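*Asks:* Here it is, the structure in full.
Numbering (the numbering used here), first residue to last: 772 to 1228.
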């Protein structure tokens, strides 16, 4: 029997014209234009533009962020944008890009503050444009703080042995939770040595401070903002700082099961336990929650409530010494009142979505810190956050349905990687996407939604 193989044979040539790769990335470019991020960032970085310079520092930084959003993981990957001037315009050379990163790193906090201030200003505009799709549509904002380990494979500044016996850095990130219908966006990214403690209060305070400065002014104080962390945030200093901020911030912070908490759990009467609930409102079988009464922990902020959850461990799970009666115990602290404890426990459990945001960040430039100096890699973290902002804002403004929840890897595969033909007619340029591409309608519909948004200014 003759066989011709599973795939058709084609000949490959390199003289094609009028073809644009990564054509779907025009969605990110249009998001930049409609949000005003390009002009805002250019104004913020104007002091770092040298006389008679050809390339604008804001545009260079945005080009790097776009390259990272499209899957790049080093400065040289900006070459993919340089190859498509019809979509991305003029792109700086690799030496120019490196010189800007060095200049911003040398400027230290001044440059970081300029970038962060520009992002905060644009974030306010994007949330207004998004309307009901914005993360503050119900009047509240949730910020999740979580650490992430980034491995290093060479001797980089501040790289050290981590608590997992690996070698690298231990950045601390904060993300705004978009809820079940969306993803999330970064509002803080602090570079730390690999041996930085998971529960260092000063780092959590700094991450929260930077994160709050990224929010619209009305959310920087008051109970409309919830700070949520795992047990790494359960320290005296961090909770005291949260409590001391004006009208107080709401918080939901994991707590370590101490001997005092363990003893208090054993004293909770059976009728005091309430069945845990699932997001759909159904009762969670085999899990219960209760509030610990009295002053279980002395010296902690006034108004702090301790809520404990017990559940049957899954088969094969190994219990800890602090578990009780064959049940797995977890505990968190909150200052939210007038809400059923089952609802508070479900709200805290949804902090697990921060792990999805960390995974997306790893897929968007955080797998490796490509530069040597710590100040340079801090600038790289700002570039990553700009990329993640765009990857969160574009779906919020332009996508609907399940597509709004697509993570960066899926958007790159289905949307950004689409190829198109560039046609110029009547003094206008058109990108004609392949008709047979399964997600062409998603791309064209998203671009139409972006195009009708009001221009900034």
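We put the CB at the ideal spot given by N, CA and C, even for glycine.
Note that this is a predicted model, so its numbers are computed, not measured.
#1: Out of 1143, 837 and 815, state which residue places its alpha-carbon closest to the alpha-carbon of residue 827.
#2: Determine the burial state of residue 801: buried for a count of at least 16 other Cβ atoms within 10 Å of its Cβ, exposed for fewer.
#3: Since residue 1163 and residue 960 should fall inside the 8 Å C-beta cutoff, what is the C-beta to C-beta distance between them, to a whole number of angstroms?
#4: If I measure Cβ to Cβ from residue 1031 and keep anything under 8 Å in the same chain, skipping five residues before and after, which residues do I get?
#5: In this structure, does DSSP put residue 1022 in helix, strand or coil?
#6: Rounded to whole angstroms, what is the Cα-Cα separation between residue 1044 and residue 1100?
#7: Since residue 915 is in the beta strand (DSSP E), which residue starts that stretch and which ends it?
#8: Got a sec, what are the start and stop residues for the alpha helix (DSSP H) residue 1014 sits in?
#9: Is the beta carbon of residue 1072 closer than 8 Å to that of residue 1110?
#10: Alpha carbon to alpha carbon, what distance is there between residue 1070 and residue 1040?
#11: From residue 935 to residue 922, what distance separates their C-alpha atoms?
#12: Across the region 790-798 and the region 1183-1201, are there enough close Cβ pairs to call them in contact, namely three or more that are closer than 8 Å?
#13: By a C-beta neighbour count over all protein chains shown, 10 Å radius and 16 as the cutoff for buried, is residue 778 buried or exposed?
#14: Might you give, ordered along the chain, the residues of its own chain that have their beta carbon closer than 8 Å to the beta carbon of residue 1215, omitting 5 neighbours on each side?
#15: Span of the alpha helix (DSSP H) holding residue 829?
#16: Can you find at least 3 beta carbon pairs, one from the region 833-852 and one from the region 1145-1162, that sit closer than 8 Å?
#17: So for residue 793, helix, strand or coil by DSSP?
#18: Less than 8 Å separating the beta-carbons of residue 1167 and residue 901?
#19: Work out the CA separation of residue 958 and residue 984 for me, nearest whole Å.
#20: Would you kindly report the start and end of the unbroken alpha helix (DSSP H) that includes residue 895?
#21: State buried or exposed for residue 1008, treating a residue as buried only when at least 16 other CB atoms are found within 10 Å of its CB.
#22: Within the chosen definition, does the region 960-973 reach the region 881-892 through at least 3 CB pairs nearer than 8 Å?
#23: Which residues does DSSP list as the beta-bridge partners of residue 948?
#24: Can you tell me whether residue 952 is buried or exposed? The criterion is at least 16 other CB atoms within 10 Å of its CB, across all chains shown.
#25: State the DSSP-derived secondary structure class of residue 1200, mapped to helix, strand or coil.
#26: Does the beta-carbon of residue 1001 have 16 or more other beta-carbons within 10 angstroms, so that it is buried, or is it exposed?
#27: Is DSSP giving residue 1136 helix, strand or coil here?
#28: Just list the residues that DSSP pairs residue 1104 with in beta bridges.
#29: Candidates 1102, 805, 788 and 1065: which alpha carbon is nearest residue 1222's?
#30: Give me whichever residues DSSP pairs with residue 932 in a beta bridge.
#31: Give me the residue from 1025, 818, 1011 and 987 with the minimum Cα distance to residue 916.
#32: Taking the C-alpha atoms as reference points, what is the distance between residue 994 and residue 867?
#33: Is it right to say residue 1126 is buried, meaning 16 or more other beta carbons lie within 10 angstroms of its own, or is it exposed?
#34: Cα separation between residue 1061 and residue 1076?
#35: How many Å lie between residue 1132 and residue 924 at the Cα?
#36: Which residues in the same chain as residue 811 place their Cβ atom closer than 7 Å to its Cβ, once the five residues preceding and following it in sequence are excluded?
*Replies:* This is what the structure gives:
#1: 815
#2: buried
#3: So it is not a contact: roughly 14 Å between Cβ atoms.
#4: 1067 and 1068
#5: strand
#6: 13 Å
#7: 912-918
#8: 1007-1015
#9: no
#10: 25 Å
#11: 11 Å
#12: yes
#13: exposed
#14: 1204
#15: 828-840
#16: yes
#17: coil
#18: yes
#19: 8 Å
#20: 880-901
#21: exposed
#22: no
#23: 955
#24: exposed
#25: strand
#26: buried
#27: helix
#28: 1024 and 1077
#29: 805
#30: 938
#31: 1025
#32: 45 Å
#33: exposed
#34: 11 Å
#35: 19 Å
#36: 889, 892 and 893
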